[in-house]
Every structure is written in structure tokens, then in C-alpha cells.
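Peer 1: Heads up: the sequence shown is residues 1041 to 1183, going by the working numbering. Just passing along the structure, written as C-alpha cells.
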Amino acid sequence: MSTTLLVLNGPNLNLLGTREPATYGTTTLGDIEALVRKHAAGRAEILFEQSNHEGELVGRIHDAGREGHGVILNAGALTHTSLALRDAISGAGVSAIEVHLTNVHRREDFRHHSMIAAVCKGVICGFGSASYTLAVDALLGLD
Ligand code: DQA
């Protein structure tokens, strides 16, 4: 199997399961990883990672660019603030899809703007853990 996808999760997503369950539900990041691996089985190899540090996320995007891996990125709050992540995606030349568990457009105004959407192939939000599996299908269907 030659296709590898990096599923990269940003700040606070390690807390899923106990973090604001009324907003994010009780599914853990481990549950999402298992779901994504099962969904992609036989179609793509999955690298699944989480970091609370912007610089580490930047480095992993650079690695993905060097290796030619597609990227599924839930950058958490850094979505709304990080010019560095935006420049990493465009600079590394990766095919990336921005994902969110929640529909950020139904939430606070400060979540409506994404720094990274314009350099991603597309954005999927509001479908809970299915946002990730939809992104796998979208990325595998891209040229
Ligand atoms: C999130 C939405 C962001 O606004 C928030 O900061 C998160 C999670 C989501 O998956 O819904 O950490 O990316």
C-alpha cells in the first residue's frame, strides 16, 4: 500500500472524552483513531498524532510534505490563530483537509475564521468523528 495519510490533531484534543462533553461528546481521541484506522484499512496507511505545541505540528506538516503524505488536520484553536500552520501547509506543498468535530460556524464568532482553510483542499466540520472519515474519503478521492 503506497498511500499514507497523516491525521494530525492540535491543542486540547487529547482531552476528548472528558473535555466539555456537552460540546464535544464523550468519544475519545483513541476512539477516533480506531475509527479512522478501520475506515482506511486496505486503502491507506494511517499516521495518527496529537500535539499541544504549534512548532511540533509545523514540523510534522513539513515531514508529511517531504514524504508526500496527505494531511487531515484538526488544528483545534490554532485553526483560528496560526499563520505558522498556514505557511507550513503552503510551504510544504501538502494536500491537506481541515476538519473539526463541531460546526464552528454555529459557535462563537471567533471560531468562524480559519487561518488555514484557504491553503487546504477543503474543510469538513460538524459531523463529530465522521468529519475524520469523510476527510479520509475526500483525500483518497483527490488527484
Ligand atoms: C475544534 C473547534 C475549535 O474551535 C476548538 O478550538 C477545538 C476543537 C473542533 O474539532 O470542533 O479545539 O477544532
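By construction, the Cβ of each residue, glycine as well, lies at the ideal position given by its N, Cα and C atoms.
Is Ala1117 near the ligand MG, with its Cβ less than 6 Å from a heavy atom?
Peer 2: As presented, the structure is devoid of the ligand MG, carrying the ligand DQA as its sole ligands.
Peer 1: Compute the distance between the beta-carbons of Ala1104 and Val1111, then report whether it is under 7 Å.
Peer 2: Result yes, Cβ atoms of Ala1104 and Val1111 sit closer than 7 Å.
Peer 1: Would you be able to state if there are at least three C-beta pairs under 8 Å between the segment 1172-1181 and the segment 1112-1122?
Peer 2: Touching, yes.
Peer 1: Can you give the Cα-Cα distance for Gly1166 and Leu1118, rounded to whole angstroms?
Peer 2: When rounded, the distance between both Cα atoms is 17 Å.
Peer 1: Mind checking whether the beta-carbon of Arg1146 lies closer than 6 Å to any heavy atom of the ligand DQA?
Peer 2: No, since every heavy atom of the ligand DQA falls outside the 6 Å radius drawn around the Cβ of Arg1146.
Peer 1: Confirm the yes/no value for this check: CB of His1093, any heavy atom of the ligand DQA, distance under 6 Å.
Peer 2: For the ligand DQA, not one heavy atom lies less than 6 Å from the Cβ of His1093.
Peer 1: Straight-line CA distance for Arg1106 to Ala1132?
Peer 2: Straight-line Cα distance between these residues: approximately 7 Å.
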